[in-house]
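Q:
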Amino acid sequence: MTQQTAHTTEFALLLSSTRRGARLARTLAVQQLTEWADLAHDSEPARAVALVTGELAANAVAHGHVPGRDFRLWLLLLPHVPRIEVRDTRPERLPARPAPGIMPADADSGRGLLLVEAYAERWGWGPSATPAPRPSGRR
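Position one of the sequence shown corresponds to residue 1055 (this note's numbering), numbered consecutively onward.
#1: Can the beta-carbon of Arg1126 be found closer than 8 Å to that of Ala1076?
#2: List, from N- to C-terminal side, the beta strand (DSSP E) runs of 3 residues or more that fit wholly inside the stretch 1058 to 1090.
#3: What separation, rounded to the nearest whole angstrom, lies between the Cα atoms of Ser1071 and Gln1085?
#4: Could you give the first and the last residue of the continuous alpha helix (DSSP H) run that contains Pro1099?
#5: So the candidates are Ala1102, Leu1130 and Glu1064; which of them puts its Cα closest to the Cα of Arg1176?
#6: Take the Cβ of Glu1109 as the centre, count every other Cβ of all protein chains shown within 10 Å, and call the residue buried at 16 or more, exposed below.
#7: Measuring straight from C-alpha to C-alpha, what distance separates Arg1193 and Leu1093?
#8: Pick out whichever of Arg1080, Pro1136, His1134 and Pro1121 has its Cα sitting closest to the Cα of Thr1143.
#9: Which one or two residues does DSSP pair with Pro1136 in a beta bridge?
#10: Measuring CA to CA, which of Arg1123, Pro1133 and Ala1104 is closest to Glu1139?
#11: If we ignore side chains and look at the alpha-carbon of each, how far apart do His1095 and Thr1088 end up?
#12: Any idea if Arg1074 is buried or exposed, counting beta-carbon neighbours within 10 angstroms, 16 or more meaning buried?
#13: Ignore the nearest five residues each way along the sequence and tell me which others in Leu1069's own chain have a CB closer than 7 Å to its CB.
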């Protein structure tokens, strides 16, 4: 769903809590941003959105997965920056923040949230303004 108002443009979608859902979130976020801002897919802002969305979606799948429940991707194009929210069904299960300097240089994981944090510092951050997602699947 894409909706435009006088000052913002937004996009929201429920995606399956799978690796495929996380990849799709990243792809759709980049596609939407490049359409809204008339940017190339290989531009720096598009790559940044891909990185942040991919990491947040991967964490939602890895740490917030509940069988039969989806995660929500919500994009908002503000006047000067994008806002990216990924909300899973397990908000009480936050991923552990890696300790600085302890991680080996060749570690397979642990850097993603540090990269997200760097973009959050640059773009700004705040608590979610969206309502909690409704459960998906059969009732």
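From the three backbone atoms N, C-alpha and C, an ideal C-beta is built for every residue, glycine too.
A: Reading from the atomic positions:
#1: no
#2: 1063 to 1070
#3: 20 Å
#4: Glu1098 to Gly1118
#5: Ala1102
#6: buried
#7: Residue placement at Arg1193 is poorly supported in this model, since its pLDDT is 35, which falls under 50; the coordinates still yield a value, given next. Cα-Cα distance, rounded: 41 Å.
#8: Pro1121
#9: Leu1131
#10: Ala1104
#11: 6 Å
#12: exposed
#13: Gly1075, Leu1078, Ala1079, Asp1124, Phe1125 and Leu1127
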